[in-house]
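Enquirer:
There are 4 protein chains.
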Amino acid sequence: MSLRMAMVGGGPGSFIGPVHRMAAELDGRIWLVAGVFSRDPAKNAQAAAAWGVAPDRVYPDHHAMIAAERGRADGVQLVSVVTPNHMHFDVSAAALRGGLHVISDKPATLNLAQAEELASIVAASGKRYGLTYTYTGYPMVREAREIVARGDLGAVRKVVVEYSQGWLSKPLEREADNKQASWRADPAQSGVGGCIGDIGVHAFNIAEFVTGRRVERMCADVATVVPGRPLDDDCNVLLRFDNGARGVLIASQISAGARNGLTLSVYGEKGGLTWSHEDPNVLTLDWLDGPSQVLHAGSGYLSPAARAVTRLPTGHPEGFIEAFANIYRDFADAIEGGEGALVPDIAEGVRGMAFVERAVAASRDDAGWVTLEGDAR
Amino acid sequence: MSLRMAMVGGGPGSFIGPVHRMAAELDGRIWLVAGVFSRDPAKNAQAAAAWGVAPDRVYPDHHAMIAAERGRADGVQLVSVVTPNHMHFDVSAAALRGGLHVISDKPATLNLAQAEELASIVAASGKRYGLTYTYTGYPMVREAREIVARGDLGAVRKVVVEYSQGWLSKPLEREADNKQASWRADPAQSGVGGCIGDIGVHAFNIAEFVTGRRVERMCADVATVVPGRPLDDDCNVLLRFDNGARGVLIASQISAGARNGLTLSVYGEKGGLTWSHEDPNVLTLDWLDGPSQVLHAGSGYLSPAARAVTRLPTGHPEGFIEAFANIYRDFADAIEGGEGALVPDIAEGVRGMAFVERAVAASRDDAGWVTLEGDAR
Amino acid sequence: MSLRMAMVGGGPGSFIGPVHRMAAELDGRIWLVAGVFSRDPAKNAQAAAAWGVAPDRVYPDHHAMIAAERGRADGVQLVSVVTPNHMHFDVSAAALRGGLHVISDKPATLNLAQAEELASIVAASGKRYGLTYTYTGYPMVREAREIVARGDLGAVRKVVVEYSQGWLSKPLEREADNKQASWRADPAQSGVGGCIGDIGVHAFNIAEFVTGRRVERMCADVATVVPGRPLDDDCNVLLRFDNGARGVLIASQISAGARNGLTLSVYGEKGGLTWSHEDPNVLTLDWLDGPSQVLHAGSGYLSPAARAVTRLPTGHPEGFIEAFANIYRDFADAIEGGEGALVPDIAEGVRGMAFVERAVAASRDDAGWVTLEGDAR
Amino acid sequence: MSLRMAMVGGGPGSFIGPVHRMAAELDGRIWLVAGVFSRDPAKNAQAAAAWGVAPDRVYPDHHAMIAAERGRADGVQLVSVVTPNHMHFDVSAAALRGGLHVISDKPATLNLAQAEELASIVAASGKRYGLTYTYTGYPMVREAREIVARGDLGAVRKVVVEYSQGWLSKPLEREADNKQASWRADPAQSGVGGCIGDIGVHAFNIAEFVTGRRVERMCADVATVVPGRPLDDDCNVLLRFDNGARGVLIASQISAGARNGLTLSVYGEKGGLTWSHEDPNVLTLDWLDGPSQVLHAGSGYLSPAARAVTRLPTGHPEGFIEAFANIYRDFADAIEGGEGALVPDIAEGVRGMAFVERAVAASRDDAGWVTLEGDAR
């Protein structure tokens with residue numbers, strides 16, 4: 001029983017579109033059969049041809065697509081939204097209202113108000129909405145979450161999460177034809193957050209996902225380091241979680257030489273864990289009393305949650321595409337009536353937007369510690 | 001322009017079948033549309049359903065399949081052979097003779113004589129034959145090969161290659177329902193080589209692939225460590241390459257605790273390189289004079305050969321499935337008239353079988369140093 | 001030409017006293033010949049016997065020692081101060097006034113006022129004063145400093161320094177006979193800083209040492225996590241350097257499972273460097289364009305500053321004692337008229353105390369961003 | 001109660017002499033008070049001055065030294081032998097016959113016959129003889145030995161030991177003034193083994209030390225890679241231990257780019273361990289069933305054998321000098337009547353020489369598998 005999917009966005013020049021396509025189809029649960037891959041008709045057709053989408057299911061815009069697919073017996077059941085941020089809301093809302101499930105690249109929307117509105121639309125639609133916070137799809141991130149939830153570490157006391165990239169160390173957005181850099185530096189397409197919205201939210205989300213705790217307060221230093229850049233490219237945030245645990249969140253796109261280094265450490269009363277995206281198939285546990293442990297993806301001793309999301313025996317590396325595919329597979333489960341509880345939903349989308357907007361505003365106003373939600377300090 | 005593929009083998013319980021399926025389809029170049037997945041009709045149908053293969057293209061055996069597909073306008077163009085070793089020859093030969101390209105899991109055949117015969121059949125067929133020595137598909141293995149070929153290290157002097165697993169430390173082949181262990185320990189299905197044929201050939205192949213040199217002589221210690229096991233489970237081989245370079249090849253399936261640790265070090269006159277499957281997206285270069293270098297997959301500074309086989313920016317891990325997919329993609333190129341020069345071919349298959357047979361025989365006879373080919377010492 | 005040294009503190013039960021002794025004597029430049037190792041006469045004598053100090057040069061207190069040694073032709077030339085913090089000022093001041101050079105464990109004094117007074121005393125004494133910020137003695141830390149100073153990274157933009165320990169995750173200070181924990185948790189002996197004064201200053205110092213930049217402003221979250229502990233055991237500080245670079249400093253003694261993990265990353269316009277105390281003999285450089293580099297201690301390609309402070313060829317690990325010994329050797333050079341410019345001096349001591357006092361106060365008052373020196377925000 | 005030591009060899013230009021001096025004195029148990037540091041009187045005096053040896057205890061040769069020191073009430077009790085290999089026998093024999101304990105750098109002697117003769121002299125002398133196989137002094141190597149001895153891994157099945165250096169990739173021995181390279185490449189000073197005698201024996205010794213097993217048979221490929229070099233610079237040896245376990249020993253000084261990479265892996269029935277000199281303060285255990293473990297030096301959970309030989313809390317790296325010092329400290333214990341059982345003795349010296357001579361001869365004669373002792377195959 002495979003599911004039929006349409007994609008909006010993701011045409012030639014996109015980094016994330018092809019990843020969504022490979023991830024969606026990897027397990028044979030979902031097939032891409034329709035789409036609006038580009039506003040440029042030639043590019044639209046080019047993407048369709050490369051991906052085996054029939055020409056009659058390539059559409060000029062998402063409204064046309066939703067209308068046409070609804071009319072087909074073999075119409076799509078879900079839409080994958082991989083446009084720049086500013087279109088996320090419109091496409092997602094239209095699809096949901098058109099009776100389709102939506103799986104969207106993050107962030108959910110351009111801003112917090114849109115996210116809250118989208119939450120209402122999701123609730124009214126009766127359809128599933130999923131957000132591809134990719135890193136939550138890694139088996140060892142899920143193992144980490146289980147370990148914390150089981151209480152192996154005791155109460156969480158300290159969280160350090162760092163997501164450092166260096167590729168925006170120069171003003172690439174001013175170069176012609178750098179699509180990746182240019183839309184990210186454009187507030188109209190990205191929203192109020194630059195680095196914080198692009199990768200800071202990933203760090204924020206994984207910290208909450210693994211600890212099962214919620215950030216309540218924060219003190220943010222959101223900065224623009226490269227002169228002339230309209231949005232932030234470096235942010236450092238002190239965190240306070242709902243159980244009193246302290247945290248530090250570091251995200252940067254001007255850490256020259258850094259590739260895509262997301263590292264999370266969680267310390268409890270009895271021990272700590274560390275996961276790093278540079279070496280995603282291991283999880284390190286350090287204990288107050290006793291040897292450190294290194295857990296390897298694919299091992300029989302892992303939790304069911306982790307074992308469910310590897311495809312290969314231990315020692316056979318799986319990576320980013322497979323992590324992404326895990327989210328798609330979970331989403332397929334959810335659509336087909338399973339739990340799918342681990343797919344980030346619109347509530348996570350709202351939290352992510354709140355984090356971005358509040359941090360940017362608080363840092364701009366030199367406001368010190370602020371709450372994530374509401375105005376109380 | 002996608003290619004249509006059939007698979008033989010790979011049904012429920014197979015490890016490598018699903019990997020071939022995911023790898024073949026990952027890039028949208030090849031689609032699985034027909035197959036003989038199992039001799040058990042129920043399992044055959046089950047695999048087909050899971051992978052979207054139409055019921056009318058699921059066949060009871062490969063002869064029926066080849067005949068039927070030849071008669072279709074949309075018949076398959078290539079066959080993926082993922083059965084146990086003893087069927088590799090028959091299926092491959094039949095497919096080639098039926099005018100189909102063949103991509104086969106390793107080893108090419110059950111023994112050297114079959115491999116040599118298959119080489120003749122390939123030559124006569126005018127069709128492409130590829131062998132999935134997976135590790136040659138990793139971007140950093142290809143970078144390593146380029147570095148040696150460019151002469152950056154100077155002449156190769158020493159090669160150390162180790163492929164250690166521990167999963168056969170106990171006699172799993174005597175457990176009911178351990179399909180992975182049982183066929184590997186059965187000479188009728190595996191051939192004369194156990195560990196050496198299963199993973200030793202990978203080590204042998206990657207050493208030759210990266211260095212561009214050929215093993216000429218060897219001195220082998222091929223052993224059965226777990227009592228009662230019919231085939232070897234540990235082998236250690238001293239090597240001499242055609243340029244006089246020395247080497248050591250270690251392969252084991254009784255190195256308890258080892259997962260799937262394939263590591264290759266190549267030392268030349270000016271420096272050395274090391275690649276390890278545990279951390280496949282980096283390649284380390286150590287120099288006689290100067291800092292060590294760590295090259296990261298996906299980086300712009302890599303050779304075209306390495307850059308061509310990543311799908312993601314640096315810092316986004318790719319793994320085993322992607323490496324496998326690179327071999328399929330190259331094979332698709334080869335079929336469509338491109339170079340595809342890096343797909344291991346039947347000549348490599350013959351060498352691999354010669355390595356296994358000669359090493360096993362020489363070790364059994366306590367023969368000391370022997371040549372890989374022929375009888376001269 | 002070896003120098004004669006006395007030690008104050010460091011008797012049985014001390015961790016750092018024996019380290020100072022080994023470090024001072026390692027290179028044959030300095031010999032321990034006198035001391036006040038403990039207020040307990042038996043322990044005092046025991047330490048002396050273990051270290052080959054003649055009984056007539058073991059003194060009941062530092063005043064007696066300074067007086068007696070001044071009267072000897074072979075009297076000591078320098079004093080090593082390894083007492084708990086609250087005695088640092090008295091011993092250091094008395095020794096300097098007695099015409100002796102002083103090398104002191106950090107922090108320089110119990111509080112900022114004392115540090116400033118000690119600075120005056122040093123200036124008036126004409127003697128050398130050195131502070132053992134151990135980590136500045138590591139060869140690869142010195143190499144890092146040279147790399148930044150040479151401009152290889154371009155202007156520094158971002159600094160992340162983390163010093164995490166877990167050994168105070170439980171209230172060890174309430175256990176009998178835990179000398180290491182008890183004095184550290186006692187404000188009378190430690191000063192106003194717990195974790196921040198014990199290890200936070202190391203992180204602060206190494207960040208300034210390597211970057212050559214000065215912290216101007218900070219926003220601190222200094223916390224007591226273990227209930228009932230009188231001093232802080234966890235601190236997280238946002239930093240702003242004098243060139244506008246941003247930084248994050250994390251120090252903790254309740255990061256359960258962490259051993260002694262000091263890691264520094266410095267990012268400039270062109271690349272970044274990372275040094276970690278867990279693997280002290282390497283320095284990693286990551287570049288915006290080009291392969292990463294790993295520099296190994298003891299290599300001929302390193303700067304003279306780094307090469308001067310290894311004793312062994314590359315590949316032979318040196319550690320904490322050797323790093324400590326480098327500071328002693330530099331101090332011997334300084335005494336004997338050489339440059340010794342890299343020995344942290346009383347000015348560093350004053351900065352460290354200012355960092356601790358200002359961070360503790362600002363965090364307590366929820367003051368947000370504060371300057372390190374003076375009151376201006 | 002410290003011990004008084006003389007040194008023979010180790011003057012200016014020596015690498016290992018200063019290491020022995022630092023190691024011997026590190027713990028305050030042994031003091032260097034006499035010596036013959038060089039045949040060159042000026043260098044002899046220079047070393048003495050640097051190390052605080054009184055001029056009247058610097059001697060022109062070891063015979064004069066032994067005679068004179070025997071006549072002093074405060075004469076030395078032990079002699080450290082750090083000359084090139086060809087003098088080890090003479091100096092050791094003379095010292096033992098002169099009633100002094102001997103601690104010698106490896107190898108014990110120039111050849112096997114001398115080693116056997118020295119064993120008789122040791123036995124007749126009633127004095128202690130120790131051999132500084134440095135790597136046995138590392139805490140985590142001792143922990144590894146305990147783990148195997150306790151049976152945690154089950155019976156040992158496989159051993160892989162590799163000691164790779166690259167510094168002799170060029171014919172440095174032909175350069176003027178390269179004392180380190182020139183004596184090593186001179187059979188008159190080194191004996192029949194080049195690389196195998198210099199570092200191969202370390203690999204051999206650590207394999208036997210950790211496993212507690214004895215090599216019975218071997219098949220060696222001992223080679224000279226750099227043209228014109230009189231001794232071997234690369235060797236690869238297949239091993240068979242007395243319990244049937246298989247092994248591979250790799251030693252090289254032409255592995256360009258390698259620094260001093262000694263790595264040992266031991267696999268038993270239930271798991272394996274790996275220790276690497278590049279990261280000496282950890283020991284990794286991999287298990288057939290269960291997470292990997294990483295043990296850290298200085299931890300409270302380690303065996304008494306490992307805890308006894310660290311000086312610092314966990315997380316504070318110790319290195320080569322400290323490992324060396326552990327052997328000296330054990331030797332001091334042995335002299336003073338303690339067990340000191342872990343100091344390698346002359347029996348290990350004899351085994352090491354047998355390994356070198358038999359391997360070199362067997363490889364030269366293309367003899368295949370040979371026994372380590374005697375002639376039986």
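For the protein sequence lines, the chains are A, B, C and D, in the order given. For the first sequence, the UniProt record's numbering begins at 1 and goes up steadily by one. For the second sequence, the UniProt record's numbering begins at 1 and goes up steadily by one. For the third sequence, the UniProt record's numbering begins at 1 and goes up steadily by one. For the fourth sequence, the UniProt record's numbering begins at 1 and goes up steadily by one. Glycine residues also receive a C-beta, built at the ideal position from the N, C-alpha and C atoms.
From A/R184, A/G166, A/Q165, pick the residue whose C-alpha is nearest to that of A/R174; which is it?
Expert: Mapped onto the first sequence, residue 174 of chain A falls at position 174. The shortest C-alpha separation from A/R174 is found at A/R184.
Enquirer: Near A/T284, which residues of its chain fall below 6 Å by C-beta distance, leaving aside the five closest residues on each side in sequence?
Expert: Taking the first residue of the first sequence as 1, we reach residue 284 of chain A at position 284. So the list reads T274, V294, once near-sequence residues are dropped.
Enquirer: Return the CA-CA distance between B/A50 and B/A64, expressed in angstroms with no decimal places.
Expert: Along the second sequence, one-based indexing puts residue 50 of chain B at 50. Along the second sequence, one-based indexing puts residue 64 of chain B at 64. Going from the Cα of B/A50 to the Cα of B/A64 covers about 22 Å.
Enquirer: Tell me which residues share the same chain as C/P370 and place their Cβ nearer than 7 Å to its Cβ, disregarding the 5 neighbours each side in the sequence.
Expert: For this step, residue 370 of chain C is matched to residue 370 along the third sequence. Checking the sequence shown, residue 370 of chain C turns out to be Val, not Pro. Cβ within range, chain order: R217, M218, R358, A362, R377.
Enquirer: Could you tell me whether the Cβ atoms of D/A47 and D/G10 are closer together than 8 Å?
Expert: Stepping through the fourth sequence from its first residue, residue 47 of chain D is reached at position 47. Stepping through the fourth sequence from its first residue, residue 10 of chain D is reached at position 10. For D/A47 and D/G10, yes; Cβs fall inside 8 Å.
Enquirer: For B/A203, which residues of its own chain have a beta-carbon under 6 Å away from its beta-carbon, when the five flanking residues on both sides are left out?
Expert: Position 203 of the second sequence, counting from 1, holds the residue named residue 203 of chain B. Closer than 6 Å at the Cβ level, and outside the excluded window around B/A203, lie V161, Y163, L249, A251.
Enquirer: Do the region 115-135 of chain A and the region 227-236 of chain A make contact, defined as three or more Cβ pairs closer than 8 Å?
Expert: Inter-segment contact for the region 115-135 of chain A and the region 227-236 of chain A is absent: fewer than three beta-carbon pairs are separated by less than 8 Å.
Enquirer: Closer than 8 Å by C-beta to C/F241: which residues in its own chain qualify, once you throw out the five before and the five after it? Chain order, please.
Expert: Looking up residue 241 of chain C in the third sequence gives position 241. Excluding residues within five positions, the ones whose Cβ falls inside 8 Å are V156, V159, T211, R213, R214, V215, E216, G247.
Enquirer: Whose Cβ in chain C lies nearer than 9 Å to the Cβ of B/D152?
Expert: Numbered from 1 along the second sequence, position 152 holds the residue referred to as residue 152 of chain B. Residues of chain C passing the Cβ test: none, with the nearest at roughly 12 Å.
Enquirer: Where residue 421 of chain A and A/G349 are concerned, what is the direct C-alpha to C-alpha distance, given to the nearest angstrom?
Expert: Outside the shown range of chain A (1 to 377) lies residue 421 of chain A, about which nothing can therefore be said.
Enquirer: Please identify, using Cβ separations under 9 Å, the residues of the region 288-320 of chain A that lie next to chain B, in order along the chain.
Expert: H296, G298, S299, R311, L312, P313, T314, G315, H316, P317, E318, G319, F320
Enquirer: Which residues in the same chain have their Cβ closer than 8 Å to the Cβ of B/G17, if we skip the five residues on either side of it in sequence?
Expert: For this step, residue 17 of chain B is matched to residue 17 along the second sequence. Shown here for B/G17: same chain residues with a beta carbon closer than 8 Å to its own, the five before and five after excluded, namely M7, G9, G10, G11, F37, A47, V82 in chain order.
Enquirer: For the candidate residues D/K127, D/D90, D/L131, whose alpha-carbon lies nearest to that of D/Q114?
Expert: One-based indexing of the fourth sequence puts residue 114 of chain D at position 114. When the alpha-carbon of D/Q114 is set against those of D/K127, D/D90, D/L131, the nearest one is in D/D90.
Enquirer: I'd like to know whether the C-beta atoms of D/E146 and D/A305 end up nearer to each other than 8 Å.
Expert: Counted from its first residue, the fourth sequence places residue 146 of chain D at position 146. Counted from its first residue, the fourth sequence places residue 305 of chain D at position 305. Taking 8 Å as the Cβ cut-off, D/E146 and D/A305 qualify as a contacting pair.
Enquirer: Can C/V360 and C/G193 be called in contact, C-beta distance under 8 Å?
Expert: Position 360 of the third sequence, counted from the start, is the residue given in the question as residue 360 of chain C. Position 193 of the third sequence, counted from the start, is the residue given in the question as residue 193 of chain C. In this structure, C/G193 lies closer than 8 Å to C/V360 by Cβ.
Enquirer: Pair every Cβ in the region 263-271 of chain D with every Cβ in the region 311-329 of chain D, then say whether three or more of these pairs are closer than 8 Å.
Expert: Per the Cβ contact rule, the region 263-271 of chain D is not in contact with the region 311-329 of chain D (fewer than 3 Cβ pairs under 8 Å).
Enquirer: Comparing C-alpha positions only, which one of C/A367, C/E208, C/D105 sits nearest to C/L264?
Expert: By one-based count along the third sequence, residue 264 of chain C stands at place 264. The shortest C-alpha separation from C/L264 is found at C/E208.
Enquirer: Straight-line CA distance for A/T109 to C/S120?
Expert: On the first sequence, position 109 is the one that residue 109 of chain A refers to. On the third sequence, position 120 is the one that residue 120 of chain C refers to. Here the alpha carbons of C/S120 and A/T109 stand approximately 60 Å from one another.
Enquirer: Quick test of your reading: D/V201 and D/V356, contact by CB under 8 Å. State the CB separation rounded to the nearest angstrom.
Expert: Residue 201 of chain D sits at position 201 when you count from the first residue of the fourth sequence. Residue 356 of chain D sits at position 356 when you count from the first residue of the fourth sequence. Indeed they touch by this definition, with Cβ atoms about 6 Å apart.
Enquirer: Is it the case that the Cβ atoms of A/F324 and A/V343 are separated by a distance below 8 Å?
Expert: The residue labelled residue 324 of chain A in the question sits at position 324 within the first sequence. The residue labelled residue 343 of chain A in the question sits at position 343 within the first sequence. No, Cβ-Cβ distance for A/F324 and A/V343 is not below 8 Å.
Enquirer: Going by DSSP in three states, B/R70 sits in which element: helix, strand or coil?
Expert: Position 70 of the second sequence holds residue 70 of chain B. Correct three-state label for B/R70: helix.
Enquirer: Distance, Cα to Cα, A/G300 vs B/W167?
Expert: On the first sequence, position 300 is the one that residue 300 of chain A refers to. On the second sequence, position 167 is the one that residue 167 of chain B refers to. Distance between the alpha carbons of A/G300 and B/W167: 12 Å.
Enquirer: Please classify B/N243: is it buried, with 16 or more other beta-carbons within 10 angstroms of its beta-carbon, or exposed?
Expert: One-based indexing of the second sequence puts residue 243 of chain B at position 243. Under this definition B/N243 is an exposed residue.
Enquirer: Check whether the Cβ of C/S276 lies closer than 8 Å to any Cβ atom in chain A.
Expert: Translated into the one-based positions of the third sequence, residue 276 of chain C becomes position 276. Not closer than 8 Å to any Cβ of chain A, the Cβ of C/S276 fails to qualify, so no.
Enquirer: Taking C/M353 as the reference, which of C/G99, C/A297, C/N85 has the closest Cα?
Expert: Numbered from its first residue, the third sequence carries residue 353 of chain C at position 353. Residue C/N85 is the option with its Cα nearest to C/M353.
Enquirer: Which term fits D/P139, buried or exposed, when burial requires 16 or more other beta carbons within 10 angstroms of its beta carbon?
Expert: Counting from one through the fourth sequence, the residue named residue 139 of chain D turns up at place 139. So D/P139 counts as buried.
Enquirer: What residues from the region 241-255 of chain D come within 7 Å of chain B, judged by C-beta to C-beta, listed N to C?
Expert: R246, V248, I250, S252, I254, S255
Enquirer: State the beta-bridge partners of C/N236 as determined by DSSP.
Expert: Within the third sequence, residue 236 of chain C is the residue found at index 236, counting from 1. Looking at the DSSP assignment, C/N236 forms a beta bridge with C/D221, C/I250.
Enquirer: Reducing DSSP to helix, strand and coil, say where D/W51 ends up.
Expert: Along the fourth sequence, one-based indexing puts residue 51 of chain D at 51. In this structure, D/W51 counts as coil in the three-state DSSP scheme.
Enquirer: Can you look up C/P41 in the DSSP assignment and give me helix, strand or coil?
Expert: Start at 1 with the first residue of the third sequence, and residue 41 of chain C comes out as number 41. In the structure shown, the three-state DSSP call for C/P41 is helix.
Enquirer: Just to confirm before moving on: does the CB-CB distance between B/I206 and B/C235 stay below 8 Å?
Expert: Translated into the one-based positions of the second sequence, residue 206 of chain B becomes position 206. Translated into the one-based positions of the second sequence, residue 235 of chain B becomes position 235. For B/I206 and B/C235, no; Cβs fall outside 8 Å.
Enquirer: Beta-carbon within less than 7 Å of D/G368's beta-carbon, same chain only, minus the 5 sequence neighbours each way: which residues are those?
Expert: Indexing the fourth sequence from 1 puts residue 368 of chain D at position 368. C219, listed in sequence order.
Enquirer: Tell me the rounded alpha-carbon separation between D/D198 and D/A256.
Expert: Counted from its first residue, the fourth sequence places residue 198 of chain D at position 198. Counted from its first residue, the fourth sequence places residue 256 of chain D at position 256. Straight-line Cα distance between these residues: approximately 17 Å.
Enquirer: Below 8 Å between beta carbons: does that hold for C/G130 and C/D333?
Expert: By 1-based counting over the third sequence, the position of residue 130 of chain C is 130. By 1-based counting over the third sequence, the position of residue 333 of chain C is 333. It is not a contact, given that the beta carbons lie outside the stated cut-off.
Enquirer: Let me know if B/A297 comes out buried or exposed under the rule of 16 or more other beta-carbons within 10 Å of its beta-carbon.
Expert: The count along the second sequence starts at 1 and reaches residue 297 of chain B at position 297. It counts as buried.
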